[in-house]
Amino acid sequence: MVSRTVRRATASAAALLTLTAVPAHAATHESDTTKTGSTAALPAPDMAGLRAVLRTLTAQGAPGAIARIDDHGTVHTAAAGIDDRTTRRAIGNADRFRIGSITKSFSAVVLLQLADAHKLNLDASVDHYLPGLLPDQRITVRHVLSHRSGLYDYTNSMFANSVSGFEAVRDKVFTYRQLVQLSLKHARTNAPGAAYSYSNTNFVVAGMLIEKLTGHSVGTEYRDRIIKPLKLRDTFYVHPATKIPGRHAHGYLTPDRAGAQLVDATDQTVSWAQSAGAVISTTRDLNTFFSALLGGRLTSAAQLAQMERWTPVNSTTRYGLGLRRRDLSCGVSVYGHTGAVQGFYTYSFTSKDGRRSLTALANTSNNGTVLNTMARTLESAFCGKRTKAIQSTPLTGRGSYVTERNVAYEDIAPGVARD
71 MVSRTVRRAT ASAAALLTLT AVPAHAATHE SDTTKTGSTA ALPAPDMAGL RAVLRTLTAQ
131 GAPGAIARID DHGTVHTAAA GIDDRTTRRA IGNADRFRIG SITKSFSAVV LLQLADAHKL
191 NLDASVDHYL PGLLPDQRIT VRHVLSHRSG LYDYTNSMFA NSVSGFEAVR DKVFTYRQLV
251 QLSLKHARTN APGAAYSYSN TNFVVAGMLI EKLTGHSVGT EYRDRIIKPL KLRDTFYVHP
311 ATKIPGRHAH GYLTPDRAGA QLVDATDQTV SWAQSAGAVI STTRDLNTFF SALLGGRLTS
371 AAQLAQMERW TPVNSTTRYG LGLRRRDLSC GVSVYGHTGA VQGFYTYSFT SKDGRRSLTA
431 LANTSNNGTV LNTMARTLES AFCGKRTKAI QSTPLTGRGS YVTERNVAYE DIAPGVARD
C-alpha cells in the first residue's frame, strides 16, 4: 500500500482541466438542480478509508488498485497490490490503463462541440446524418447519447461467456457498420425515447456521427479537441493496435468458471468497442478531463446543460448525454462516468464545480464483488469520514445501498449479471 499527498500551485491546477446498467425502464427527464458538490461544501477526503477500499479490492480478486484525488491544488494518491502477476511490479498512479466506457464521455464531448459549431442538431434523426443506417427514423442523436434509442447491445451476445467471447474478438478488427449490424439482428429493447437501456451500440453510432460530420477518425478528433488542448500526456486512442504504450497496468479478466486462472487481457484491439470504449489514459488525465468538462472548459454552458438533462436510472444514478450523475450517501452529487473493459474497472467522477476529482482503477473485470466495492471510493473521496458506518455495506450494480442482493451489471454485456 502506498499513499501520497502533495501540494501543487493553484495556478498550475487551474491550467488542468457506469459501470452500472439496468434493463429498460420508462424514461423521464429532469434538469440538474443539485446545490451540493462545490469543494467549499465538501469535507476533507478520507484517505484512510480510501486506502482500506483499495486493500479490500485486492482481497476480493483484483491484483492491484489505485486512486488519485485532485482537490483544487492538492493531489492525494493511493495504491495497493501489483500491476503484473508475472513480474510482481507494484501498481502505481503513473500506470496507463484501458478506460472502457469512460470513452463515451469523450465521444459525447466531441459531438456537443459540433453542436456548438451548429454542425449537429441533437434532436435531429440519426438518419439525417447517416441515411439508412438505422431501421427507425425516429431515433435521434439525443436518444443515442442518452441510451434511449432502444438499440440492442450486441455485447450481451458477444460476451455472454466472458473468456471465450473475449478470445474470439481480442485480435479482431470490426468496422462500425459491422457492430451496428450485430445489434440489428436482435429486437430493439424499447421505442425511441421511451426508456433508458444502456447499450454500447449507441456510442458506436456516436463514433460514426463524429467521422461523418468531421471527415476525420475519432482518434484524430479526440486528439485535436480534447487531448492536446488539455495537455493529456498519457491519453491515447490506438485502435486497432493491441498494445498500451509506455508504463501500464496489466488487466486481468476473471473467468466464468470459479477457481480458473485469471486471463491476462491487456493486449487487445478493443475493436468491439472503439468509440464506446477504446481510449487509454491515467488517473491524472481522467481527473483533468472531467474537471475541465464540469468546469465549462470543453463545451459551452448551453451544451453542458444538455449533458446534464438527466434520465433516472435508479435511486442514486442519473444518465445525461454521455455523462453519469451519482448521488452519494452524504447528499453530494458527483459527475463523470464508469468504465469496464476486459481486465479493468474504472470510476472517474468530479464535483459539480469540477474542483475535486477522483479516478480509481482495479485491474480486473468480470468480478461483481470488486465492481460493487469500487463505488465506495466515491464515498471516501467526496463524503470523507461521514460514511464510515456504511462502508462495509455492498452496493448492488443498480446503485442502491441494500444488503439483500449483491449483483452487479457491467457496461460490457450490461444485460448479464456478474455475481
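Under the numbering used here, think of the first position of the sequence shown as 71, with each following residue one higher. Where a beta carbon is used, it is the ideal one built from N, C-alpha and C, also for glycine. Note that this is a predicted model, so its numbers are computed, not measured.
Simplified DSSP assignment, three categories, for residue i
i    : result
Y199 : helix
S418 : strand
A135 : strand
V211 : helix
T147 : strand
F452 : helix
Y479 : strand
Y246 : helix
R121 : helix
A265 : strand
R488 : strand
R78  : Reliability fails at R78, whose pLDDT of 36 lies under 50, so the model's placement of it is uncertain and the value that follows must be treated cautiously. If DSSP states are grouped into helix, strand and coil, R78 belongs with coil.
A96  : strand
R468 : Since pLDDT at R468 reaches only 33, below the 50 mark, its modelled position is unreliable, and no value is offered.
Spatially closest choice to residue i from the options, by CA coordinates
i    : options                   : result
T147 : T447, D153 and R138       : R138
G400 : Y224, D337, A129 and A114 : The amino acid at residue 400 is misidentified as Gly; the sequence shows Cys. When each option's Cα is compared against that of C400, the closest is A114.
T339 : A265, D355 and Q412       : Q412
V243 : P484, D141, Y479 and W342 : W342
A348 : T126, T144 and R168       : R168
N163 : V145, T157 and G454       : V145
S101 : L120, R426, R388 and Y479 : R388
A371 : A122, L112 and D186       : D186
G119 : V477, E480, C453 and P484 : C453
F306 : A276, D355, K255 and P325 : D355
L124 : A135, R158 and Q130       : A135
L302 : T353, P325 and A265       : T353
R155 : K255, H142, T128 and H99  : T128
L184 : G277, P205, A132 and Y266 : G277
V211 : D193, G289, D294 and A478 : D193
K455 : A97, H99, T98 and M117    : M117
Y479 : F229, L252 and L254       : F229
D141 : V383, R426 and Q251       : R426
L221 : T290, A257 and T98        : A257
Pair within 9 angstroms by beta-carbon distance, residue i and residue j
i    : j    : result
G170 : G409 : yes
S385 : I172 : no
I296 : V179 : yes
H213 : G263 : yes
A451 : L431 : no
L448 : L398 : yes
V440 : Y415 : yes
N260 : R327 : no
T271 : D223 : yes
R247 : L215 : no
F60  : Y292 : Lying before the first or after the last residue shown, residue 60 is absent from the chain, which here runs from 71 to 489.
L332 : T434 : yes
L182 : T369 : yes
F359 : Y405 : no
K490 : S287 : One cannot answer for residue 490 here, as it falls past the ends of the chain, which runs 71 to 489.
R240 : A311 : no
L249 : V274 : yes
L200 : V402 : no
P299 : R166 : no
P484 : T245 : no
L254 : P205 : yes
Cβ of residue i within 9 angstroms of any chain B Cβ
i    : result
L398 : Going by chain labels, chain B is absent from the structure shown, which holds only one protein chain.
Any non-hydrogen atom of the ligand NAD within 8 angstroms of residue i CB
i    : result
Q130 : This structure lacks the ligand NAD, and indeed carries no ligand of any kind.
Note to self: Please give me, in chain order, every unbroken run of the alpha helix (DSSP H) with length at least 4 that falls completely inside the stretch 273-345.
What the structure shows: 288-292
Margin query: Tell me whether the stretch 275-284 and the stretch 317-333 touch, counting them as touching only if at least three CB pairs, one residue from each stretch, are closer than 8 angstroms.
Written below: At 8 angstroms Cβ cutoff, the stretches do not touch.
Notebook entry, point to check: If we count Cβ pairs, one from each stretch, closer than 8 angstroms, do we get three or more for the stretch 368-378 versus the stretch 406-422?
Noted result: No, because fewer than three Cβ pairs between the stretch 368-378 and the stretch 406-422 fall closer than 8 angstroms, the two stretches do not touch.
Check: At which residue ranges does the stretch 143-190 contain complete beta strand (DSSP E) runs of 3 or more residues, listed in the order of the chain?
Finding: 144-151
Margin query: List, from N- to C-terminal side, the alpha helix (DSSP H) runs of 4 residues or more that fit wholly inside the stretch 352-440.
Written below: 353-364 and 371-377
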